[in-house]
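This report refers to the structure that appears directly beneath it.
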Amino acid sequence: MRAAVLLCATLCGAACGPAPERPNVLLVTIDTWRADRLSAAGYPREVTPHLDRLAREGLRFTSVTAPRGKTTPSIATLMTGLYPHEHGARDLLVPLDPARPLLSERLSAAGYATAAIVGNFVLLERFSGLARGFDSWTEDLPDELGVPPENVPQRTARSLVDGALAALGLGPPAADAGPRGSFRRAGAPWFLWLHAMDPHGIYDAPAEHRVFEREEPEWIPPAPPHDPRAIHRRWIAEYNVPADARDAHGRIDAARVRDRYDAEVRYVDHELGRLFDALRAAGELERTLVVVTSDHGESLGEQDYWFEHGRNASEASVRVPLVVHWPATLPGRPAPGVRGVDTSLADLAPTILDLLGLPPLAPDGPARGTSLARAWASGSEPARPVYSEKVDREALDGAVQAKAVRIGGWKWIRRFAHVPGANGERRLASLSDELYDTAADPYESHNLAPAPPPRAPVDRLQAELLRFTALDARFPEIGAILQANRDALEAGDAEVVRVLKALGY
Numbered sequence: 050m051r052a053a054v055l056l057c058a059t060l061c062g063a064a065c066g067p068a069p070e071r072p073n074v075l076l077v078t079i080d081t082w083r084a085d086r087l088s089a090a091g092y093p094r095e096v097t098p099h100l101d102r103l104a105r106e107g108l109r110f111t112s113v114t115a116p117r118g119k120t121t122p123s124i125a126t127l128m129t130g131l132y133p134h135e136h137g138a139r140d141l142l143v144p145l146d147p148a149r150p151l152l153s154e155r156l157s158a159a160g161y162a163t164a165a166i167v168g169n170f171v172l173l174e175r176f177s178g179l180a181r182g183f184d185s186w187t188e189d190l191p192d193e194l195g196v197p198p199e200n201v202p203q204r205t206a207r208s209l210v211d212g213a214l215a216a217l218g219l220g221p222p223a224a225d226a227g228p229r230g231s232f233r234r235a236g237a238p239w240f241l242w243l244h245a246m247d248p249h250g251i252y253d254a255p256a257e258h259r260v261f262e263r264e265e266p267e268w269i270p271p272a273p274p275h276d277p278r279a280i281h282r283r284w285i286a287e288y289n290v291p292a293d294a295r296d297a298h299g300r301i302d303a304a305r306v307r308d309r310y311d312a313e314v315r316y317v318d319h320e321l322g323r324l325f326d327a328l329r330a331a332g333e334l335e336r337t338l339v340v341v342t343s344d345h346g347e348s349l350g351e352q353d354y355w356f357e358h359g360r361n362a363s364e365a366s367v368r369v370p371l372v373v374h375w376p377a378t379l380p381g382r383p384a385p386g387v388r389g390v391d392t393s394l395a396d397l398a399p400t401i402l403d404l405l406g407l408p409p410l411a412p413d414g415p416a417r418g419t420s421l422a423r424a425w426a427s428g429s430e431p432a433r434p435v436y437s438e439k440v441d442r443e444a445l446d447g448a449v450q451a452k453a454v455r456i457g458g459w460k461w462i463r464r465f466a467h468v469p470g471a472n473g474e475r476r477l478a479s480l481s482d483e484l485y486d487t488a489a490d491p492y493e494s495h496n497l498a499p500a501p502p503p504r505a506p507v508d509r510l511q512a513e514l515l516r517f518t519a520l521d522a523r524f525p526e527i528g529a530i531l532q533a534n535r536d537a538l539e540a541g542d543a544e545v546v547r548v549l550k551a552l553g554y
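All residue numbers for the sequence shown refer to this note's numbering, where the first residue is 50 and numbers rise by one.
So this is what it looks like as structure tokens:
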């Protein structure tokens, strides 16, 4: 019996009777949105008033993890319920395995009208393989940020929401090459996925949203002396530092850069507010399951990693927000509140389908997403493992890979590197271990692995990490595979390489 029926019986106290009308589904992913940049979660600046309202009316989640600090692998996980080692999209421009079914395909088969509008270059269909199951797929990128030749094509939040309103029949046709009319069908529920790009560097929100300015600068100190034993080494994404965040000596004011990042989050929230208001005015919001989350976070100085993401599996890069609006048409609607349920982006598709009374995309298995419908409603769920990884091309940082597992507030990270083996072959060996109490140390400043406290579930963490690593049959060779992909790309498509480099990849 599916969780939606169980919820009705347990939380409503009665049988559901005839199946209710299935709600619409609005999925919003905000690129590079940190888990702590949500005012409702305690961030002191008012960066997200519209998402705060949605959180007050629905559910806000505090323990959500992306599988990777990069867009394509994480979005593919969200859409399939599978971790990257199974769905195949291991990096940017590595498309999803076409044999893996998508949330959009399942909803389309169930009678939903489906549409997507994506704002990120790397999500174009030829790169991502994510357009399957969508009646309408909009990937034109009418806006540009930056100055040539470093300009980046994208669809900014205003264009994204204009397109969404047009696609839903709640606004005029988009002024650019976006949706010219509604994708909806009479009598059918709809599924719309929007991917906003803006918080991704370059941090360049419209001027009216640059309302934050710290009184005192926070100059990034000089780089520490090189320590070959150090696990974390300084990296500053210079290309994401605006000119007004540097002084005459080239010092970088981290506070000014964070101000600009916060302005981007405020901009996206403001534009989403237009969409939420239009849905309310049309009486649609109460008939819509709204899920708002991120593909990954952004490191703003944690572990000496500045203004970027993806080079590690740290909480700054992989912990993400999640806000869910629960429609009145779903049984067992819970009271608004906060949920600490351990959640992976891999759990979203199984949970959404379960709430709608639809079958899952894949059978249960180790390190796969699972439905959390009951836990979302009740808030009760024992601590469970969620996983993340960092894989990279051989040319980057010596092909150092990482696997991570978090259970409740405890997280274990193991880094690997290729070392010389027998007969001149290279083998993947453990390089370092890290243990963090993320409840007390949310941005992983104190590695407890050398002397784990007795309360830490070290044995379980290590067992889960070994299991997760063993499931990745291509882990030892993934660095070489990704490097070969990049070499082929650089030999064949100079414009794609230019955009990737402008994005910092």
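We put the CB at the ideal spot given by N, CA and C, even for glycine.
| task | Figure out for me which residue from Pro431, Thr392, Ala432 has the closest Cα to the Cα of Ser420. | result | Thr392
| message | My assumption, with CB atoms under 8 Å, is that Thr342 sits in contact with Val369. Please give the rounded CB distance. | response | 6 Å
| According to the neighbour-count rule (16 or more other Cβ atoms, all chains shown, within 10 Å of its Cβ), is Glu351 buried or exposed? | buried
| said: Using a 10 Å radius around the Cβ and a threshold of 16 neighbouring Cβ atoms, would you call Ser366 buried or exposed? | reply: buried
| If you compare alpha carbons, which of Arg504, Ala489, Tyr485 is closest to Leu463? | With the sequence shown as reference, residue 463 is identified as Arg, and Leu is not the correct amino acid for it. If we check each option's Cα against that of Arg463, Tyr485 comes out closest.
| query | What residue range is occupied by the uninterrupted alpha helix (DSSP H) comprising Thr518? | reply | 507 to 520
| said: Counting C-beta neighbours from all protein chains within 10 Å, is the total for Ala52 16 or more, i.e. buried, or is it exposed? | reply: Here Ala52 scores only 47 on pLDDT, less than 50, and its place in the model is too uncertain to base an answer on.
| field | DSSP three-state assignment for Ala251, whether helix, strand or coil | value | For the sequence presented, residue 251 should be read as Ile rather than Ala. Here Ile251 sits in coil by DSSP.
| query | Cβ atoms of Ala294 and Leu219: under 8 Å apart, would you say? | reply | no
| query | Where do the ends of the alpha helix (DSSP H) carrying Arg423 lie? | reply | 422 to 427
| task | Tell me, please, whether the region 237 to 252 touches the region 288 to 304 by the rule of three or more beta-carbon pairs shorter than 8 Å. | result | yes
| Same chain only: Cβ atoms within 6 Å of Leu397, ignoring 5 sequence neighbours per side | Leu127
| C-beta contact flag for Val171 and Thr205 at 8 Å | no
| message | For the alpha helix (DSSP H) containing His258, name the first residue and the last one. | response | Looking at the DSSP string, His258 is not in any alpha helix (DSSP H), and its letter there is neither H nor E.
| task | Reducing DSSP to helix, strand and coil, say where Ser363 ends up. | result | coil
| message | I'd like to check one pair, Phe176 with Leu152: are the Cβ atoms closer than 8 Å? | response | no
| request: Consult DSSP for Thr126 and reduce its assignment to one of helix, strand or coil. | output: helix
| query | In terms of residue numbering, what span does the alpha helix (DSSP H) encompassing Leu241 cover? | reply | Careful: Leu241 lies outside any alpha helix (DSSP H), inside the beta strand (DSSP E) at 239 to 245.
| query | What do you get for His258, buried or exposed, if any count of 16 or more other CB atoms within 10 angstroms of its CB means buried? | reply | buried
| field | C-beta contact flag for Ile124 and Asp344 at 8 Å | value | yes
| Closest to His134 by CA distance: which of Ala395, Ala448, Val545 is it? | Ala395
| query | Near Arg181, which residues of its chain fall below 7 Å by C-beta distance, leaving aside the five closest residues on each side in sequence? | reply | Leu151, Ser153, Glu154
| field | For Phe48, three-class secondary structure by DSSP | value | Outside the shown range of the chain (50 to 554) lies residue 48, about which nothing can therefore be said.
| said: Rounded to whole angstroms, what is the Cα-Cα separation between Ala162 and Leu156? | reply: 8 Å
| said: Tell me the DSSP secondary structure of Pro270 in three-state form. | reply: coil
| task | Spatial neighbours of Cys61 within its chain, please: CB distance less than 6 Å, with the 5 preceding and 5 following residues excluded, ordered by chain position. | result | With a pLDDT of 38 at Cys61, under the threshold of 50, the modelled position of that residue is not reliable, and the figure given next carries that caveat. Excluding positions up to five away in sequence, the list reads Gly381.
| said: Among the candidates Arg207, His275, Ala215, Leu243, whose CA atom is the shortest distance from the CA of Pro255? | reply: Arg207
| query | Using CA coordinates, which residue listed in Glu199, Glu264, Ser348, Asp184 is at the minimum distance from Ile285? | reply | Ser348
| said: Let me confirm a value: Ala551 is counted as buried when at least 16 other C-beta atoms fall within 10 Å, else exposed. Which label applies? | reply: buried
| said: Rounded to whole angstroms, what is the Cα-Cα separation between Arg102 and Ser479? | reply: 45 Å
| field | Backbone CA spacing between Leu410 and Thr400 [nearest angstrom] | value | 11 Å
| Cβ shell of Glu106 (< 7 Å), same chain only, five flanking positions each side left out | His374, Pro385
| message | List, from N- to C-terminal side, the beta strand (DSSP E) runs of 3 residues or more that fit wholly inside the region 125 to 169. | response | 162 to 167
| Rounded Cβ spacing between Gln203 and Leu190 (contact assumed at less than 8 Å) | 5 Å
| query | Which class does Lys452 belong to by DSSP, given the choice of helix, strand or coil? | reply | strand
| task | Can you tell me which of Trp459, Asp490, Pro525, Val546 puts its alpha carbon nearest to the alpha carbon of Gln511? | result | Trp459
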